[in-house]
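Asks:
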RNA sequence: GGGCGGUUAGCUCAGCGGUAGAGCACUUCGUUGACAUCGAAGGGGUCACAAGUUCGAACCUUGUACCGCCCACCA
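Numbering (the working numbering), first residue to last: 2 to 962.
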């Protein structure tokens, strides 16, 4: 027997283990004996190998699992390819932080090999976490095929791609400005830069400050320390020939003036025409720099004259190129002002050498002030680029890096989506994809990190580069080049993590080997991911897939939203509102939850977060089980919208699981045993014909929902069918049959219940795999032992079974019961009291119906008699169900005023509806132009309402006599 | 500056041309042999605003307001 209550914790581990043992999720497991099964393949968006499961993963993987389980049950050969990503910067950062916390020497001290050993150790230690968590979620991946981006095989793919693209001229080395992250001291790509607003507060002008050259700077300095960013500084740059004349330039980055090599004005800006070509003397430095004319300069902005720092600004770099300006680098890799030999060559004044960029800024402002060359400080709001991982301001920095010619690779990738080979769902995301790829810049792929795929490039003594699959091959190339053996040194840099991720759909299938899996499963069927990585990942997989496989990596790209908290806020550590999927599944005490959410926060935040948590979860979080979480995710995954997750909602779906559990208990207790030869087409009982039709409708709706990636619709349809149709009506309506001694009706109904329940378990399985698998196994106690697990049994096939007569009859029964209940409640008839009803003027067919369902109606509406009469008793409540008039005689019990009020309300509702129909039909244009079906529907509705009105009015008149 | 979403019941959201829906919350009643993690009955909405198209608009068009996101640039 099933336990009285459903305990997810008690069954989930056992079911997981059973799935594992069965090998049911292995690629090819679903292949028919002739090997002809259609394939269905999804590659998992690989989570960071050292990461742990968050709500984004829970949503993402629930949706993938729904699709995979659905298709597997539909008989396809499903491969859900799992794996993890080495996540270059993120992982290296974690390990470095750990080393720091433990007071160990830093990575540069211990060296590359020793450091990598530590990272691998950390991977070994924590690498299984996320995989195990995905298993807890029920992810039906083929775990035997788990891959890691730095596996030998996947590394071979990276090598091959790099070498090939280099050979094709699509990977090259270049010296240009990159986004430099001074914290990690590496280049990062455009996508890894986020803009952060800097808002200034200081408003100061030399004109208001008579003596703007004295030591009064102190107060200004304090203000600057309080409001370090967001100011626009106006500097006077004196002319070389006449130091009393100057040009005013504006800048938000005073420190870069040390690298200024020109000032640009617009060629048509009359204020400056006479000055073009003249020289300025760069203050504090003394360097002679020219005034140049360039269209980049906008007369409307600032002073119309713009200082040019070609080595530290993307726009200035271009201006410098056009106007032949020198590039003077003023920073080292920490973004401090350079020192030493290089500084000598750049004539950086000694005072600033070695200063951090922000200290240098302050020093320069001060010195400019004291030189009387600071004209103005204006508050402004501007955006400062920051590294998305490091959260420090990035610095445009002139370095040698490796680039991919993305514009070239983008062409077939764009064509594939434009041509429909790959489809975005929802399709509006295709526009983002086009816009980005149409304007794509070279992709900087080298990173000055150690954790990752080291770039397969070797340098000769003169710097000549040899790109090869391995050192031996590079040596051969070098030999050929130099005509002798030379010492080679390998490029120390590694590749952007996304470079290897871009190969994921084919590298995980075995490429560069020509494996059977590659042939069978590529292109994959669908990619399920969030919009935040369309550029990082989706677009790049498209580029690499098209280039190396000559085919798209996936046919559909389903883009889901972000998981937010119940109030719509982004979940974040610092906000302290992060819900951990495992806490939802297993539950967590208040103490543990507070501890988790406040870990690593400062004192002020800890207090705020702790208070908030105590308010929101006074009793911690109860264990809701995986299925409840999954069902919630599916129900809320409406296309194109974010998921706002609330505990209330999860609790509701946990209740749904309990409901299903108890419906199964009911079936079990009533010996509703599965009959292997049960044929839903052959049922005789009206109620069974009805539920067979309802089941068919539900199956069709759920199937259509999943096929269309409308997970919320599919989940909603299944929910409604199970709760509102199967539990609330079918089970209630058959109780009299099951309690009767009509053996044939009884046995048919038992078999039918078992059959419907089987269909229900199947329909719900993609959403709630654990409880359905458990119930599936349980429902065999008296029946024939099942051969297969639910996970590999067959999805309900369309039966086409509909029984309109049965539908009409059951609908009538349901309506009668509902209406009687409603009257009982409104008339305040005690719930326990049994009452008689009179069917007024019922014809043969109504009488038959009433007789057939007497037991059921009596039971559910608490009736003690159903009589057929020609007229209603004087004191009675009247209800109308279709053509049937039902009187509830309640002499002495009924409250006449209440009944009058009730009828009045019904009449007024009917009147208002009728008026609408009349108005429509009275409009000749409606009759003339509207869809004939709509007109007919309106006429029918009108007739119906008129019938209702007549009956209600009669009832009212009777009441008043 | 350019683009994309959103604005529907107290809350969170579906619906996207033809009788305004769900879950939760709320009110009343209920220990009837699956289930109180439940059942029954109810209350609650000029579908942000304005103009248009249409026989008919929550739904289509345009505009406005507010909220959110993405991209680019601002010396």
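Yeah, the Cβ is synthetic: ideal placement off N, Cα and C, and Gly gets one too. Note that the structure is a prediction, hence the values are computed from the model and not measured.
Identify every run of the alpha helix (DSSP H) within the stretch 847 to 916, keeping only runs that are complete inside it and at least 4 residues long; order them along the chain.
Replies: Within the stretch 847 to 916, the complete alpha helix (DSSP H) runs of at least 4 residues are 855 to 862.
Asks: In the structure shown, what three-state DSSP assignment does residue 217 receive?
Replies: Coil, per DSSP.
Asks: Should residue 483 be labelled buried (16 or more other beta-carbon atoms within 10 Å of its own) or exposed?
Replies: Burial call: exposed.
Asks: Within a Cβ cutoff of 7 Å, which residues of the same chain sit near residue 773, ignoring the five residues on either side of it in sequence?
Replies: Within the same chain, residue 773 has close Cβ partners 762, 765, 766 and 791.
Asks: Distance, Cα to Cα, residue 727 vs residue 609?
Replies: For residue 727 and residue 609, the distance between alpha carbons rounds to 47 Å.
Asks: Give me the Cα-Cα distance between residue 850 and residue 681, rounded to the nearest whole angstrom.
Replies: Each residue's Cα considered, the two are about 22 Å apart.
Asks: In the DSSP assignment, the alpha helix (DSSP H) including residue 654 goes from what residue to what residue?
Replies: Taken as a continuous stretch (DSSP letters only), the alpha helix (DSSP H) holding residue 654 covers 648 to 670.
Asks: Who does residue 419 pair with in a DSSP beta bridge?
Replies: Beta-bridge pairing links residue 419 to no other residue.
Asks: Who are residue 468's beta bridge partners in DSSP?
Replies: Its beta-bridge partners are 458.
Asks: Pick out whichever of 74, 81 and 119 has its Cα sitting closest to the Cα of residue 94.
Replies: Taking only the C-alpha atoms, the option nearest residue 94 is 119.
Asks: Kindly indicate the opening and closing residues of the beta strand (DSSP E) around residue 134.
Replies: Residue 134 -> not in any beta strand (DSSP E); alpha helix (DSSP H) instead, spanning 113 to 137.
Asks: Which residues in the same chain as residue 336 place their Cβ atom closer than 7 Å to its Cβ, once the five residues preceding and following it in sequence are excluded?
Replies: Closer than 7 Å at Cβ, skipping near neighbours: 183, 358 and 396.
Asks: Tell me whether residue 452 sits in a helix, a strand or coil according to DSSP, three-state version.
Replies: Here residue 452 sits in coil by DSSP.
Asks: Look at the alpha carbon of residue 12 and the alpha carbon of residue 796, and state the distance between them as a whole number of angstroms.
Replies: Distance between the alpha carbons of residue 12 and residue 796: 23 Å.
Asks: Counting along the chain, where does the alpha helix (DSSP H) carrying residue 144 start and finish?
Replies: Careful: residue 144 lies outside any alpha helix (DSSP H) and carries neither H nor E.
Asks: Spatial neighbours of residue 695 within its chain, please: C-beta separation below 6 Å, excluding the five flanking residues on both sides.
Replies: Within the same chain, residue 695 has close Cβ partners 726.
Asks: Tell me where the beta strand (DSSP E) around residue 65 begins and ends.
Replies: Where residue 65 is concerned, there is no enclosing beta strand (DSSP E), although the alpha helix (DSSP H) it sits in stretches over 56 to 74.
Asks: Per DSSP, what are the beta-bridge partners of residue 84 in this structure?
Replies: Paired residue(s): 148.
Asks: Could you tell me which whole alpha helix (DSSP H) segments of length 4 or greater appear in the stretch 683 to 727?
Replies: Here the runs fully enclosed are 687 to 708 and 712 to 721.
Asks: Under DSSP, the beta strand (DSSP E) around residue 397 begins and ends at which residues?
Replies: Taken as a continuous stretch (DSSP letters only), the beta strand (DSSP E) holding residue 397 covers 396 to 405.
Asks: For residue 425, which beta-bridge partners are listed by DSSP?
Replies: Note: residue 425 sits in a beta bridge opposite 558.
Asks: If you follow the alpha helix (DSSP H) that residue 162 is in, where does it begin and where does it stop?
Replies: Element bounds for residue 162: 153 to 168.
Asks: So the candidates are 863, 859 and 960; which of them puts its Cα closest to the Cα of residue 902?
Replies: Answer by Cα proximity: 960.
Asks: Please state the DSSP three-state secondary structure of residue 2.
Replies: DSSP places residue 2 in coil when its eight states are reduced to three.
Asks: Exposed or buried, which one is residue 204 when buried takes at least 16 other CB atoms within 10 Å?
Replies: Exposed: under 16 other Cβ atoms inside 10 Å.
Asks: Going by C-alpha to C-alpha distance, which of 931, 389, 912 and 615 sits closest to residue 181?
Replies: The shortest C-alpha separation from residue 181 is found at 389.
Asks: State the Cα-Cα distance for the pair residue 368 and residue 222, rounded to the nearest angstrom.
Replies: Approximately 11 Å, taken between the alpha carbons.
Asks: First and last residue of the alpha helix (DSSP H) that includes residue 759?
Replies: 744 to 765 is the extent of the alpha helix (DSSP H) around residue 759.
Asks: Would the beta-carbon of residue 881 fall within 8 Å of that of residue 838?
Replies: Result no, Cβ atoms of residue 881 and residue 838 do not sit closer than 8 Å.
Asks: Could you check the C-alpha separation between residue 719 and residue 142 for me, to the nearest Å?
Replies: Distance between the alpha carbons of residue 719 and residue 142: 24 Å.
Asks: Spatial neighbours of residue 245 within its chain, please: C-beta separation below 8 Å, excluding the five flanking residues on both sides.
Replies: For residue 245, where only same-chain residues beyond five positions count, the Cβ hits under 8 Å are 239.
Asks: So residue 291 is in the beta strand (DSSP E); what residue range does that whole segment cover?
Replies: It spans 289 to 294 - the beta strand (DSSP E) in which residue 291 sits, taken as one unbroken run.
Asks: Is there contact here, the stretch 914 to 929 with the stretch 870 to 881, by at least three beta-carbon pairs under 8 Å?
Replies: The stretch 914 to 929, when compared against the stretch 870 to 881, does not touch it at the 8 Å Cβ threshold.
Asks: CA-CA distance, residue 108 and residue 476?
Replies: Each residue's Cα considered, the two are about 29 Å apart.
Asks: Going by the beta-carbon positions, is the gap between residue 59 and residue 769 smaller than 8 Å?
Replies: No, these two residues do not count as a Cβ contact at 8 Å.
Asks: What's the gap between the Cα of residue 919 and the Cα of residue 878?
Replies: If you take the alpha carbons of residue 919 and residue 878, they lie about 28 Å apart.
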